[in-house]
Structures are given as structure tokens and as C-alpha cells.
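Undergrad:
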Amino acid sequence: MTRSARILLVDDEVPIQKAIAPLLRSRGYEVDVAGTGAEALSMAATRAPDVIVLDLGLPDLEGTEVCRRIRATSAVPIIVLSARGSDDDKVEALDLGADDYVTKPFSPEELLARVRVALRRVFSADSAEVGRLTVGDLTIDYDRRRAVRGEDEIRLTPKEFELLALLARNADRVLTNRTILKAIWGANAVEQPEHLWVLIGQLRKKIEPDPSQPHYLVSEPWVGYRLVTG
Amino acid sequence: MPRHLIRLALSLVAVGLLTLADVQWLQVSNGTTVALGFLLIVLVAATTSPLWVAITTSVAAMISFNFFFLPPVRTLTIADPQNWVALFTFLAVSLVASNLSSMARSRTEEALARRDEMTRLFDVSRDVLLMTDSRQALPDLARAVARRFDLDYAAICLPGVDGWDIAAGGALAVSLNPAELSRAFSGNQRVASGPLTLVPLRLGAKPTGLLAISGHAPEAGALDALGGMAAIAIERAHFLEELKSVELARQREELKSALLASIGHDLRTPLTAIGIAASNLQASWLTDDDRREQSELVLAEVTRLTRIFENILEMARIDAGVIATTEQWVHPSEIVEAARDQVGPGLTGHALSTSIQADVLARIDPRLTAAALAQLLQNAAQYAPAGTSIDIAVTTTDRELQLSVRDHGRGITSADAPHLFDRFYRGAGSGSRSTGTGMGLAIARGLLAAAHGRVWAENCTDGGARFTIAVAADIKPAQTGDSIS
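Order-wise, the sequence lines are chains A and B.
Residues 1 to 230 (my numbering) are what the first sequence spells out, left to right.
Residues 1001 to 1485 (my numbering) are what the second sequence spells out, left to right.
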């Protein structure tokens, strides 16, 4: 890392800006602040942030719309701040390409951890070897369609491998149930999460050291799953 | 009856006159001509009078025909058998004709009466359809029945838990005997007892109540139809009441979820900011400026939370109806002062001007009025851009104190106007830009309702919005301190 990471903070609430911007700066990040969706879009284009922290309740544009427009031109990780009681907005944002979310009120450590994860993706993606991913003692080989833990090859069914590969390609990102169901079973299956629950259960038994305390395949309750690399 | 007697007399006179004319002046002796003349009189009598008048006229005409025209004249005897035939044919024709025309007449009268009853029934049904207040429905119905059918008394009697619920209308006051009502109700038949007629109200076979009427009762069919209509009207009133309570329950539910969503959002932002700022304050990297900024942030957000908290409490008090009013004489400037004080630092950034029209004292609840005014000031400060001025004006009429708050913001959009005083409504275009709670104007309205006042909003022709509070008040001129003895 030759330069410090640049973070774009998008929130219309001045108190939140005043609290979070110094927090991020204190950890050595460069912080730009935007108060509206329009400002966020223009700064996302001109300031080339490494991570965007985006509040969903903006005065001019829907947060989800901002998410969609940024994703149309850039792969920059987006962490959604959601103050809404319902999960619908953040699931929609994740479906539209956001990477992660934090629900208000959150602690500083929670936000910082998500920012670190997002940045790790950015900087590891630059130098990632194509075709394989290693997480702890787990290695996923996309080309040969197999997974190895330590010395042992894990026997996976085609669907199990597809799910593991999907999560690995999006390592540390939250994938919504909907996104996963659509990718693996097709558009008709998006209303049937039970497929996914069963498959996740099978996969955890094979790859997790302790399937009852998942270490790699972490569930985001009512939202989706992520493969944790940290 | 005397009307018919006059008609009878007129008919008899006509018979007499015709006889006289025929005998004395015209010297008619042709029986056919005379008989046709009499028949004409009988027919006229039959079309205008009851049957018995026509028959009496027929008999009189027959006697006169016999006596004066059939030979031998001036006797009641008849010589020629042909004339017997003529005489009885005349009698038979006039009787049949009388009967026919009187039947036609009574049919017409019946039809008119039926039409009249139909019209009345229709009028009652229209009255029923226009009833919207379910609590007033029964007395309204009784009054409508009494009025439309010109009755002295009409009452809707419904069997209640303890005894009969009676809603009465009409000029007469009648006390109904509960035992008699119960008997008629269980009999499920129309009952006439003394001046009263009791009609079961039926929807289907079982009666739901009774209609008691007194006065000139309509015909049986109309009474039954009226009973059926009253039953429908009562059913409709029940239905309206149910609908209203369902609607109320729905509104309460909506309010609750709006409360949760709104409070959830309003609390999360300051809580997040306070949490992060407080942990920032612990960090070692802070400069003095940073430290001051973070602690100011915490204080400001605590103030905001406090305001939300107080608003929630105030709203709960309004809902619970526990707002007591205490009226006392105050000078309007004290109200304005108290309201400004209550809003406090929220008003910095706006230039405040106050104009008080007349130096008077008003007898009002000062605390509630000031609290409502404070909500209007808070609202103006939030929605008008910083730097613009806010003008408070106090005017009085002889029985009202009016306090208005005028801002120089963007005014009220037509989309917002109907919802301004709704709870948790924050303006269609405001998004989450404003730090308001969406409770202020609703609270102002709630407080004023308790203090016999009202509040409304309008746009000023030269931009900005004006919110006005009007409180019912006794007004008297203010005395200077010197003149108080």
C-alpha cells in the first residue's frame, strides 16, 4: 500500500459526518464527505475512492439508486449504513451491488472492521492469482473445480462447489439469499430459500472445522451469507 | 260525511229540477228523452260521490220518472206493461252505471293513496340513506317516520340487555308499556293496542325490534314495508358503526407502526453519533479542537434526543387526555417570551421579531399556549433557511387571542398542506434532511384542542408560510402598574 486508502462518506446527517469522519481519519484513511446523492455520484467519479460508506436515507436520491448508479461504472466496495427498521432496503442495496452493511446504531469497531475487510478485497484483488483462492487452510481451485483443506481433498457435489466458488469469488462480500439462489438454481428459485439452507448445511459439514460454529461460511441473519477470509 | 250529504241534496235537487223543467216548461213527454236526462244525473252523482248517493239518486229518479212521465201520470201505478220494462231497465242501468263509476272512483282513490304512501316510504328511505352518524341513526329514523307519515308519534324499540331501548320522534310523548312491547315482539305480528300500532321490524323471518306509531296509521301493506325499511336502516346503522370502529382500529395500528418507524429512525441517528463521538473522545489522537468538537457533538445530540423524548411524552399525555388547563390573566408578551425560551438555541440563526397589536390582558392557559407557540417556532426554525427572519404577531378580537408565526422559507406545498398537522409527517420533499421529529405540529394541535384553541397554516402572498394559533379568551385592557390600587 503506497498511499493511504481513500474513503467517501455519504450521509446527510451532520452529526454522523462529524463523528465518523474524524474516526476514519484517525485510522489513517483519507476521508471525503458527501451530503447528497448527487454529490456522492460526482465525488465517486472524481475522487476515485477505495471504499464508499453510503447512508441509505438521502434527501435527493434513494440510497439504493445511488448504489445502482455507482455500480454501473465502478467496482468500488460499497458499505451501506442503514437506519431503517426493515431489512428490505439493505437487501435491495446488496442486490444492487453493495458489498456490506452496518445497521445504525453501530459501534466504531464494527464500522472499522467492515472498512478493513472491504479494503483487503480491493488490495488483494490487485495481486490475486487467478484461478484459486486460499482461505486459512482452505484452498479453492476454480479451474479444477475442487477444494482442499490442509492435505485432504474435500469431495463436493457440483452444487456444493458452485456455492463455495460463488462465495469465494465474492470473498468478504455479503451475498443476499436472492443473489445466491438466482446464481445457482436460476431465477425461478429465488422464493425458495430452503434449497440454500440445506446446501449451506451440507457445505458447512464438509469445510468447517466445527460446523456448529461456522468460521468460513458466516450467515448474515435474514440477509444472506459471506465467505470470511480474515 | 256532510260533504256527501250536500252531494246527495244536489243530486236530488237536480232530479227535481229536471222533472220540473220537463213537465212545466219543455212539455217533454217522450220517456226515452226523460230517462236519458235522469241517467246523466245519476252518472254525475256516481262519479263524484260514494255509491249510496248514486243509488239514492237512482231510486229518486225512478220514482219521479214513474210518477210524472209514465202513464197514468201523477200516480205510482203503471198501465202499460211495456213501461214496467222501461222503468226497471232504467233502474237497472242506473244502478249498474253507478256501481261501475263508483268502483272506478274508489280504485283511483286507492291508487292515489298507494302512490302517496310510496312517496312517503321513498322519502323515509332517502332519509335513511342520508344518515351518516350511527349514534344518531335511531332517533333520526323515528323522526323521519313521524314526519314523512304525518304521525303524532313514532318510536323505534329495540330489545336491549335490560329492557327496551326506545328512540322516539313526533310531537306526542307516549310512554310505552314494556310488557306489551315484549308480547308484540314475541308474537311477531302487527298489533293495534289503543291508539298505538306496533309493527315488528323484520329482516327475514325473525323480528329485530318494533316500530310503535300513533296517529293516522298508513295502510297495512305500507306499515309492513315501513317495518322492513326500518329494520334495514337499523342494520345499516350497525354496519356503519362497525365500519367506523374497524377504521379507528386500523388508524391506531397505522399510528403505532408510524410511531415505531419514526422513533426508530429518529433515535438511531443521534445514538450512533453519540456512541462514536464518545469513543472518539477516549482516543489519544485527539487535538484540543477535535476534543471540543466531539464533545459539542455529544451535547447537541443529547439535546436532540431530549427533545424527541419530551415530544413523545407530550404526545402520550395528549393521547391519554390528561392535559389539564388552568386559565389565568396574562400579557401576550409573556407567552411569546416563554415560547422563545422553550425553543432556546434552536432559534439561533434566525432573526426574531415580535409585534403585539394592543396592550391587553387575556385569560387563557398560558402554559399550553406557550408550548404550542414554541412548536410553531421550532417548526419555522427548522424549515426556513438559516438567516431568514421569523415574525411573531399577536392580535386580539373581543373573544380570541391570535398568535401567528410567519417564516420566510419556501412556503407550504400543496402536497404537504393536507398533512401538515398529521403525526410523523415531515414534508414530502424534506427526506431526512430536517432534524424534525414530525411530532411538533401534531403536538401543537393536540395541546390547543385541550386549551379550546385551534391552529392553521397558510402561505403568504409574498412568500413564506404563516401558522396561526387562535385561543378563546376573555380580553381586557392592561392596566399600568400605577393604576392598580
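Even for Gly, the Cβ is constructed at its ideal location relative to N, Cα and C.
Since the structure is predicted, the reported quantities are computational estimates derived from the model, not experimental observations.
In terms of residue numbering, what span does the beta strand (DSSP E) encompassing A:K104 cover?
TA: Careful: A:K104 lies outside any beta strand (DSSP E) and carries neither H nor E.
Undergrad: Within a Cβ cutoff of 6 angstroms, which residues of the same chain sit near B:Y1153, ignoring the five residues on either side of it in sequence?
TA: G1170, L1172, V1174, S1214
Undergrad: Report the neighbours of A:S26 on chain B: residues whose CB is nearer than 7 angstroms to its CB, in chain order.
TA: By Cβ distance, chain B contributes A1283, W1285.
Undergrad: Label A:E108 either buried or exposed according to how many other C-beta atoms from any shown protein chain fall within 10 Å of its C-beta, with 16 as the threshold for buried.
TA: One detail in the question is off: residue 108 of chain A reads as Pro in this sequence, not Glu. With 16 or more other Cβ atoms within 10 Å, it is buried.
Undergrad: For the beta strand (DSSP E) that A:Q213 lies in, which residues bound it at each end?
TA: Note, A:Q213: premise wrong, no beta strand (DSSP E); not H, not E.
Undergrad: What separation, rounded to the nearest whole angstrom, lies between the Cα atoms of A:G37 and A:S74?
TA: Annotation: A:G37 to A:S74 spans about 16 angstroms, alpha carbon to alpha carbon.
Undergrad: Residue ranges of each beta strand (DSSP E) run of no fewer than 3 residues wholly in the segment 1257-1344 of chain B, ordered along the chain?
TA: 1328-1330
Undergrad: In this structure, does DSSP put A:G57 in helix, strand or coil?
TA: strand
Undergrad: With H, G and I counted as helix, E and B as strand and the rest as coil, what does DSSP make of A:R226?
TA: strand
Undergrad: Looking at the C-beta of A:P221, does it have a partner C-beta in chain B at a distance below 8 angstroms?
TA: Contact with chain B is absent for A:P221, since none of that chain's Cβ atoms lies less than 8 angstroms from the residue's Cβ.
Undergrad: Counting C-beta neighbours from all protein chains within 10 Å, is the total for A:V10 16 or more, i.e. buried, or is it exposed?
TA: It is buried - the Cβ of A:V10 has at least 16 other Cβ atoms within 10 Å.
Undergrad: Which stretch, first to last residue, makes up the alpha helix (DSSP H) that contains A:L24?
TA: A:L24 -> alpha helix (DSSP H) spans 14-26.
Undergrad: State the Cα-Cα distance for the pair A:Y216 and A:A183, rounded to the nearest angstrom.
TA: Taking the CA atoms as reference points, A:Y216 sits about 20 angstroms from A:A183.
Undergrad: Chain A partners of B:N1280, CB-CB under 8 angstroms?
TA: A19, P22, L23, S26, P108
Undergrad: Can you look up B:P1159 in the DSSP assignment and give me helix, strand or coil?
TA: strand
Undergrad: Nearest chain A C-beta to B:E1293 closer than 8 angstroms, yes or no?
TA: yes
Undergrad: With A:E39 and A:I7 assumed to form a contact (beta carbons below 8 angstroms), what rounded beta-carbon distance in angstroms separates them?
TA: Their Cβ separation, rounded to whole angstroms, is 15 angstroms, which puts A:E39 and A:I7 out of contact at 8 angstroms.
Undergrad: Helix, strand or coil for B:Y1153, going by three-state DSSP, please let me know.
TA: strand
Undergrad: Of the residues A:L24, A:C67, A:A19, which one's Cα is nearest the Cα of A:A5?
TA: A:L24
Undergrad: Would you report the Cα separation of A:R204 and A:F161, rounded to the nearest angstrom?
TA: When rounded, the distance between both Cα atoms is 12 angstroms.
Undergrad: Which word fits B:K1206, buried or exposed, when buried means at least 16 other C-beta atoms lie within 10 angstroms of its C-beta?
TA: Classification for B:K1206: exposed.
Undergrad: Apply the 10 Å Cβ neighbour rule to B:A1192 and answer buried if 16 or more other Cβ atoms are within range, or exposed otherwise.
TA: exposed
Undergrad: Who are the Cβ neighbours of B:F1065 in its own chain at under 7 angstroms, not counting the five residues just before and after it?
TA: V1034, A1035, F1038, L1087, F1090
Undergrad: Apply the 10 Å Cβ neighbour rule to B:H1350 and answer buried if 16 or more other Cβ atoms are within range, or exposed otherwise.
TA: buried
Undergrad: Assuming A:E153 is part of the alpha helix (DSSP H), what are its boundary residues?
TA: It is not in any alpha helix (DSSP H) - A:E153 instead sits in the beta strand (DSSP E) that spans 152-154.
Undergrad: Just verifying my parser: in three-state terms, what is the DSSP assignment at B:F1083?
TA: Note that residue 1083 of chain B is Asn in the sequence shown here, rather than Phe. Here B:N1083 sits in helix by DSSP.
Undergrad: Decide yes or no for the touch test of the segment 1288-1299 of chain B against the segment 1411-1424 of chain B: beta carbon pairs closer than 8 angstroms, at least 3 of them.
TA: no
Undergrad: Who are B:K1476's beta bridge partners in DSSP?
TA: DSSP, once it has assigned bridges, lists B:L1361 as partnering B:K1476.
Undergrad: Is A:G230 closer than 8 angstroms to A:V117 when the C-beta atoms are compared?
TA: yes
Undergrad: For B:M1439, count the other beta carbons within 10 Å of its own beta carbon; 16 or more makes it buried, fewer makes it exposed. Which is it?
TA: buried
Undergrad: If we ignore side chains and look at the alpha-carbon of each, how far apart do B:R1190 and B:V1013 end up?
TA: 47 angstroms
Undergrad: Could you name the residues of chain B that A:K104 contacts, counting a contact when the two beta carbons are closer than 7 angstroms?
TA: What A:K104 touches in chain B: R1268, T1269, T1272.
Undergrad: Take A:A98 as the anchor and find which of A:D32, A:A189, A:I52 has the nearest alpha-carbon.
TA: A:I52
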